[in-house]
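Before any comments, here is the structure.
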Amino acid sequence: GEDVEQSLFLSVREGDSSVINCTYTDSSSTYLYWYKQEPGAGLQLLTYIFSNMDMKQDQRLTVLLNKKDKHLSLRIADTQTGDSAIYFCAERGGSQGNLIFGKGTKLSVKP
Amino acid sequence: KAGVTQTPRYLIKTRGQQVTLSCSPISGHRSVSWYQQTPGQGLQFLFEYFSETQRNKGNFPGRFSGRQFSNSRSEMNVSTLELGDSALYLCASSLASNGGGRGANVLTFGAGSRLTVL
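Heads up: the protein sequence lines correspond to chains A and B, in order.
Position one of the first sequence corresponds to residue 1 (my numbering), numbered consecutively onward.
Position one of the second sequence corresponds to residue 1001 (my numbering), numbered consecutively onward.
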């Protein structure tokens, strides 16, 4: 079945770049998404990428997609303490098209 | 434009009771999806409703049910609560159904309903 894998933790210093990685299994996924969850809150969409694209840039965020390896990454430039949160990768796949999420990567930003 | 509203935000129940959670989608959105979030299992898909019809269901027991009204508002119900049902229940709305939309059909999430079962 479909599965999405992420590393659970990432720690960086303020001002550095953060790279969060994700692998997925469903090669028929049409869109892939990155969501952010802050404590006590729901999920906030950060960005998404269509499967025929290799890269998408949106201000401090850069998404890279390697469809051959089924690997997705999110790079956050100039990481700030306000970026501390859990980041979820999700694929739109399966026979019914519902979103399948990874377990989330907790990003800690140290001043 | 109002976001997705979930009520109640917090609730405490005891084993064996039942609970009903409510979700009001963004105006104009016709699809509502429900997810259960726990530390161990992460985000798991419960079901999706579109135009008052259940379109898709995840791998949860029949104690979990839902419905959607003509104004697209949705409710989910959990009967005979178990300790393991303690979780954050998230609802998300989108314009089109998960399997039928064109484009990214982005899900917009509410803040969730945190259920504690004692």
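We put the beta carbon where it would ideally sit given N, CA and C, even for glycine.
How is the beta strand (DSSP E) around residue i delimited, first residue to last?
i, result
"ASP58/A", "55-58"
"VAL1078/B", "1074-1078"
"VAL1032/B", "1031-1038"
"THR23/A", "18-24"
"ILE86/A", "85-92"
"ILE1026/B", "Run containing ILE1026/B: none; DSSP gives neither H nor E here."
"LEU72/A", "71-76"
"LEU43/A", "43-50"
"THR30/A", "Looking at the DSSP string, THR30/A is not in any beta strand (DSSP E), and its letter there is neither H nor E."
"ARG1114/B", "1113-1117"
"LYS106/A", "105-110"
"ALA1092/B", "1087-1094"
"LYS1168/B", "Outside the displayed range of chain B (1001 to 1118) lies residue 1168/B, so it cannot be described from this structure."
"SER11/A", "9-13"
"LEU65/A", "61-66"
Note down, in chain order, every chain B residue with its Cβ under 7 Å from the Cβ of residue i.
i, result
"LEU85/A", "Contrary to the premise, residue 85/A reads as Ala rather than Leu in this sequence. Near ALA85/A there are no residues of chain B at all, since even the closest Cβ is about 14 Å away, more than 7 Å."
"LYS103/A", "GLY1042"
"LEU72/A", "Here the premise fails: no neighbours, minimum Cβ distance about 15 Å."
"TYR24/A", "Near TYR24/A there are no residues of chain B at all, since even the closest Cβ is about 14 Å away, more than 7 Å."
For the putative contact between residue i and residue j, defined by C-beta atoms under 8 Å, what is the C-beta separation to the nearest angstrom?
i, j, result
"LEU43/A", "TRP34/A", "Wrong, their Cβ atoms sit about 10 Å apart, outside the cutoff."
"LEU1021/B", "TYR1089/B", "6 Å"
"SER1065/B", "MET1076/B", "7 Å"
"LYS103/A", "LEU10/A", "Going by Cβ atoms, the distance from LYS103/A to LEU10/A rounds to 13 Å, so no, they are not a contact pair."
Residues of chain B with CB under 9 Å from residue i, in chain order?
i, result
"PHE88/A", "GLY1042, LEU1043"
"TYR48/A", "ALA1104, VAL1106"
Could you tell me which chain A residues have their CB closer than 8 Å to the CB of residue i, listed as they occur along the chain?
i, result
"SER1033/B", "ASN98, LEU99"
"GLU1048/B", "GLN96, ASN98"
"ARG1055/B", "GLN96"
"ALA1087/B", "What ALA1087/B touches in chain A: nothing, since even the nearest Cβ is about 13 Å away."
"ALA1002/B", "Per Cβ cutoff of 8 Å: no residues; ALA1002/B is ~14 Å from chain A at best."
"ASN1098/B", "ARG92, GLN96, GLY97, ASN98, LEU99"
List the residues of chain A whose Cβ lies closer than 7 Å to the Cβ of residue i, in chain order.
i, result
"LEU1107/B", "LEU99"
"ALA1111/B", "ALA41, GLY42"
Chain A partners of residue i, CB-CB under 9 Å?
i, result
"VAL1090/B", "Val is not the amino acid found at residue 1090/B; the sequence shown has Leu there. Going along chain A in sequence order, the residues near LEU1090/B (Cβ under 9 Å) are GLY42, LEU43."
Inter-stretch contact at 8 Å, needing at least 3 Cβ pairs: the stretch 1012-1029 of chain B / the stretch 82-98 of chain A: no
Cβ contact (3+ pairs, closer than 8 Å) linking the stretch 1088-1104 of chain B and the stretch 1053-1062 of chain B: yes
Cβ contact check for the stretch 81-94 of chain A and the stretch 25-32 of chain A: 3 or more pairs under 8 Å: yes
Meets three-Cβ-pair contact criterion under 8 Å: the stretch 77-89 of chain A and the stretch 9-25 of chain A: yes
Segments assigned beta strand (DSSP E), at least 3 residues, entirely inside the stretch 1038-1068 of chain B: 1042-1050, 1053-1057, 1064-1068
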